[in-house]
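For reference, the structure is listed below as structure tokens.
In our numbering, the protein residues as written are 1 to 174.
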């Protein structure tokens, strides 16, 4: 069976709890869940498919060239990985009520970082059912990955995960 790396940040919050829900929908032998702080180049090389997720909180510093920035470290770690051989899907968390102008902007950061490395990106998700005013995480009425709002729409999380994973698993060829 092909191996999936489920990579998330930050630890201990909604991004990790959604990672736990995603992880629970796979067989343990086909997926490895790891935080950005603990990901290794070996895991990245050994995994055919990646699911990468995080919160939008603090996304304005994601690209700061500072080694204490976990996402910056992760994006640097991608150097030397044969990205065109990797298939990647994203999930992002945001709050439509408190941050309607920046809802799941982190998905946009993922899209840019992986697109410029020529990874195969899958898992687009429709914007229908969300109420926000702007997002860097979308284009042409689709998000670049699964959008989750644990603050304002937690009742939809499990259903969205199930529907999105059906799409992603199909695109992964599983």
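Where is the CB? At the ideal position from N, CA and C, for every residue including glycine.
Quick caveat: nothing in here was measured; it's all calculated off a predicted structure.
Between the beta-carbon of residue i and the beta-carbon of residue j, is there less than 8 Å?
i, j, result
"residue 172", "residue 26", "no"
"residue 56", "residue 101", "no"
"residue 45", "residue 81", "yes"
"residue 135", "residue 168", "no"
"residue 90", "residue 123", "yes"
"residue 35", "residue 3", "no"
"residue 93", "residue 18", "yes"
"residue 143", "residue 127", "yes"
On the CB-based measure, 16 or more other CB atoms within 10 Å of its CB, does residue i come out buried or exposed?
i, result
"residue 16", "buried"
"residue 186", "This structure gives no information on residue 186, because the portion of the chain shown stretches from 1 to 174."
"residue 116", "exposed"
"residue 88", "buried"
"residue 85", "exposed"
"residue 39", "buried"
"residue 119", "buried"
If we cut at 8 Å on Cβ distances, does residue i have a partner in chain D?
i, result
"residue 29", "Although the question refers to chain D, the structure presented lacks it and comprises just one protein chain."
When DSSP labels each residue in this structure, what does residue i get in the three-state scheme?
i, result
"residue 10", "coil"
"residue 79", "coil"
"residue 91", "strand"
"residue 174", "coil"
"residue 35", "strand"
"residue 73", "helix"
"residue 17", "helix"
Whole angstroms is fine: what's the gap from residue i's alpha carbon to residue j's?
i, j, result
"residue 165", "residue 22", "8 Å"
"residue 157", "residue 125", "13 Å"
"residue 151", "residue 99", "11 Å"
"residue 131", "residue 31", "33 Å"
"residue 95", "residue 106", "12 Å"
"residue 108", "residue 29", "30 Å"
"residue 145", "residue 9", "16 Å"
"residue 159", "residue 153", "11 Å"
Which ranges would you report for the alpha helix (DSSP H) in the stretch 86 to 139 if only whole runs of at least 4 residues count?
106 to 115, all fully within the stretch 86 to 139.
Going residue by residue through the stretch 139 to 172, where are the continuous beta strand (DSSP E) segments of at least 3 residues, counting only ones entirely within it?
Those beta strand (DSSP E) runs which fall completely within the stretch 139 to 172 and span 3+ residues are 146 to 148.
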